[in-house]
Each structure stands twice: as C-alpha cells, then as structure tokens.
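Just add 1434 to wherever you are in the sequence shown, counting from 1, and you've got our numbering. Beta carbons: idealized from backbone N, C-alpha and C, even for Gly. Note sheet for the following structure.
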Amino acid sequence: MKKQNVRTLSLIVSTFTYLLVGAAIFDVLESETEKRRKEALDDRKKNWVTCELKNMYQTQISKIKIVQN
C-alpha cells in the first residue's frame, strides 16, 4: 500500500473514532438533562391539556345555562 493511502486511511479511521468517542461522551453528559427536560415538558403538556379541558367544560356549562334561561 502506498504511504499516502496509509495516511489517508489512518486519518479517516482517527476522525471516525474521535467522532464516536465524542458522541458517547456527549450522550453520557446530556442524557440526564434531556430526561429531566422531557419529564418537565410532559408535565406542562398534561397540565395544559387538563386546564383546556376544564375551560371547555366550563364554557359548555355556561352556554347551557344561557340557553336554559
């Protein structure tokens, strides 16, 4: 194999290894934060849906009372 080909292959392998190690480290560092953010977002979504359903119910009750009067 030519010397230039060996260098090129070494560079490609080194870069790929560097990217994989960096991705693994990033995953370890950020996974807990991502989990907490997802839980917080899910809680906010649940609370919003509950609040919207209550508002819709109250609106319908108000409309029924208006029609009955």
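Cα-Cα separation between residue i and residue j, rounded to whole angstroms
{"i": "Tyr-1491", "j": "Asn-1481", "result": "15 Å"}
{"i": "Ile-1446", "j": "Leu-1463", "result": "26 Å"}
{"i": "Phe-1450", "j": "Arg-1471", "result": "30 Å"}
{"i": "Leu-1454", "j": "Thr-1442", "result": "18 Å"}
{"i": "Val-1440", "j": "Val-1483", "result": "60 Å"}
{"i": "Ile-1500", "j": "Asn-1489", "result": "16 Å"}
Neighbourhood of residue i by C-beta, 7 Å cutoff - its chain only, sequence neighbours within 5 removed
{"i": "Lys-1469", "result": "none"}
Residues of its chain near residue i, where Cβ-Cβ distance is below 6 Å and the 5 sequence neighbours each way are ignored
{"i": "Leu-1487", "result": "none"}
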